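Below you'll find the structure, written out as structure tokens, and then a few comments.
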Amino acid sequence: MKYSNVFIESFGYELAPHVVTSEEIEERLKPFFDSVGFGPGQIETLTGIKERRYWNVDHTLGEHAAAAGQKAIDEAGIDPGEIGALTFCGVGQDGFEPATSCSIADKLKIGANAHIYDVKSACLGMVTGMVQVANEIELGNIKAGLVVSCESARQIVDATIDEINIHKNIDFYKDTIATMTGGSGAAAILLTDGTLGNPDTRRHALKGGVVQNATQHHQLCYWRFEQSGMPTDSKVIMRTKAQQVMENGLILAQKTYARFKAEFNLPDNKPDKFIAHQVGEGHHQLFYNTLKLDRKKDFITFPFLGNIGTVSLPITAAIADERGFLSPGDFVGLLGVGSGLNCYMLGVEW
662 MKYSNVFIES
672 FGYELAPHVV
682 TSEEIEERLK
692 PFFDSVGFGP
702 GQIETLTGIK
712 ERRYWNVDHT
722 LGEHAAAAGQ
732 KAIDEAGIDP
742 GEIGALTFCG
752 VGQDGFEPAT
762 SCSIADKLKI
772 GANAHIYDVK
782 SACLGMVTGM
792 VQVANEIELG
802 NIKAGLVVSC
812 ESARQIVDAT
822 IDEINIHKNI
832 DFYKDTIATM
842 TGGSGAAAIL
852 LTDGTLGNPD
862 TRRHALKGGV
872 VQNATQHHQL
882 CYWRFEQSGM
892 PTDSKVIMRT
902 KAQQVMENGL
912 ILAQKTYARF
922 KAEFNLPDNK
932 PDKFIAHQVG
942 EGHHQLFYNT
952 LKLDRKKDFI
962 TFPFLGNIGT
972 VSLPITAAIA
982 DERGFLSPGD
992 FVGLLGVGSG
1002 LNCYMLGVEW
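Using my numbering, you'd call the opening residue of the sequence shown number 662 and step up by one each time.
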């Protein structure tokens, strides 16, 4: 994938209002911790995550995604009627039907001729959405497209805590500890062909990217009904073979990175900066060790936001830009591995 007419025009994001520390989650896991002799600090030690955020109990994903999208539109100064596509890319949705993107498009007053649809690709949803929209812009079909998402971790974390305390089993805990990293947030990325909005805007050129998959590992991490089919009375569960996901994900990331370097003929010192999907400290450190990259080129948000699924990579990029970590002229690599397993790496000239 290579692009010559696609730009990141602006970002928007929403932080969930309720800060939940790893200490608070461990207090709720006390029945299990006491039964197996675990002391405090277990979760932060394993993941590097001090806190994450939750939405109010009564909320919709669409409302927060729309708020993030409105920020991106306002930042760019673009008429929403000029947006030719809006895609919602969350792991979760507000319902099976209609597409969550429909309520968002209505709230943002997106034009009647726009493509409105949802994209599903586990934690790589927003990156996949960027590729879909970028393709439409590069083909000349649209001039602008808005990629949005919102994730909520409260419900699945609460349910999993109850399960852990019932099972009181270390092996079960290993398959569910990854769920404890979950955070909540919303993000938006507005892509354009560079002809809309303020001509003085500092746009970021999306140069292209590569994709690689290893779908033989699709059962290593899942979030689904406990019963098969579409049951009306089944609870929702999440399970992760964290070690196997990490090991196979790193192999996939290596292949993807090598293809990316070759595709864009990059010298050893490029990319200048990296924004990666946010999982946790152990995963992050192994990732940079395996790819033999300087971690000083990396910006992280997982210690205070946790893993926000599809929102993690774009919200990290937005915060990194706000804080001056990403400089004009930087060649920035956006890299993520998602359940499935799928891997994308995109290159952006900042």
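Quick reminder that beta carbons are idealized off the backbone N, C-alpha and C, glycines included.
No experiment lies behind these values; they were computed from the predicted model shown.
Span separating the alpha-carbon of residue i from that of residue j
i: Gly673; j: Asp695; result: 42 Å
i: Gly790; j: Val808; result: 6 Å
i: Val718; j: Ile822; result: 17 Å
i: Asn926; j: Asn830; result: 49 Å
i: Glu758; j: Met787; result: 20 Å
i: Gly702; j: Gly745; result: 48 Å
i: Gly855; j: Ala839; result: 40 Å
i: His720; j: Asp755; result: 10 Å
i: Leu707; j: Gly941; result: 8 Å
i: Thr876; j: Trp884; result: 16 Å
i: Glu685; j: Lys691; result: 10 Å
i: Ile817; j: Tyr715; result: 11 Å
i: Ala726; j: Leu947; result: 32 Å
i: Gln915; j: Ala773; result: 42 Å
i: Ile912; j: Pro892; result: 36 Å
i: Leu852; j: Val794; result: 7 Å
i: Ile961; j: Asp740; result: 33 Å
i: Gln904; j: His679; result: 30 Å
i: Gly910; j: Arg920; result: 15 Å
i: His944; j: Pro932; result: 20 Å
i: Gly801; j: Ser671; result: 20 Å
i: Gly858; j: Val872; result: 31 Å
i: Ser683; j: Arg713; result: 8 Å
i: Asn826; j: Phe693; result: 5 Å
i: Leu1094; j: Thr761; result: Since the first residue shown for the chain is 662 and the last is 1011, residue 1094 is missing from the structure and cannot be characterised.
i: Val697; j: Asn968; result: 26 Å
i: Asn930; j: Gly700; result: 43 Å
i: Gly806; j: His828; result: 46 Å
i: Asn796; j: Asp832; result: 44 Å
i: Lys732; j: Leu722; result: 16 Å
i: Leu623; j: His938; result: This structure does not reach residue 623, given that the chain is present from 662 up to 1011, and the question cannot be answered.
i: Ala981; j: Asp894; result: 43 Å
i: Lys902; j: Pro860; result: 48 Å
i: Glu908; j: Pro928; result: 27 Å
i: Lys663; j: Arg689; result: 48 Å
i: Cys882; j: Val906; result: 7 Å
i: Val998; j: Leu769; result: 30 Å
For residue i: DSSP bridge partner residues
i: Ser671; result: Leu851
i: Trp884; result: Met899
i: Glu712; result: Thr682
i: Met1006; result: Val871 and Leu996
i: Ala1014; result: Given a span of 662 to 1011 for the chain in the structure shown, any question on residue 1014 remains unanswerable.
i: Asp779; result: Phe749
i: Ser810; result: Ala848
i: Asp959; result: Phe935
i: Lys663; result: Gly869
i: Ala805; result: Thr853
i: Asn968; result: Gly843
i: Leu676; result: Gly846
Cβ separation of residue i and residue j, assumed to be a contact under 8 Å, to the nearest whole Å
i: Val1009; j: His865; result: 5 Å
i: Ala783; j: Ser1000; result: 4 Å
i: Ala677; j: Ser810; result: Incorrect: roughly 13 Å between the Cβ atoms, too far for contact.
i: Glu824; j: Gly753; result: About 19 Å; that fails the 8 Å criterion.
i: Val792; j: Cys750; result: Going by Cβ atoms, the distance from Val792 to Cys750 rounds to 11 Å, so no, they are not a contact pair.
i: Met841; j: Ile734; result: Not quite, the Cβ-Cβ distance comes to about 35 Å (not below 8 Å), so this is no contact.
i: Ile850; j: Ile669; result: 6 Å
i: Asn1003; j: Glu799; result: Not really, about 21 Å apart at Cβ, beyond 8 Å.
i: Lys958; j: Phe992; result: Actually they are not in contact, since the Cβ atoms of Lys958 and Phe992 sit about 11 Å apart, beyond 8 Å.
i: Trp1011; j: Leu996; result: Rounded, the Cβ-Cβ distance is 15 Å, inconsistent with contact.
i: Lys711; j: Pro989; result: Not confirmed; about 32 Å, so no contact.
i: Tyr1005; j: Gly870; result: 6 Å
i: Glu743; j: Lys804; result: 6 Å
i: Ala729; j: Ala847; result: 4 Å
i: Thr862; j: Ala737; result: 7 Å
9 Å Cβ cutoff, residue i in contact with chain B
i: Lys916; result: Reference to chain B is not applicable here, since this structure consists of a single protein chain.
Discussion item. Below 8 Å, how does it come out for the segment 969-988 and the segment 942-954: are there three or more Cβ pairs, yes or no?
Written reply: Not touching, per the Cβ criterion.
Worksheet entry | Ranges of the alpha helix (DSSP H) found wholly within the segment 721-774, counting only runs of at least 4 | The segment 721-774 is shown to contain whole alpha helix (DSSP H) runs of 4 or more residues at 722-737 and 761-769, in chain order.
Discussion item. My parser needs the alpha helix (DSSP H) runs of 4 or more residues fully inside the segment 893-952; what are they?
Written reply: DSSP runs (the alpha helix (DSSP H)) wholly in the segment 893-952: 903-924 and 942-951.
Worksheet item: For the 8 Å Cβ check, are there 3 or more pairs between the segment 866-875 and the segment 892-903?
Response: Cβ pair count under 8 Å is below three, so no.
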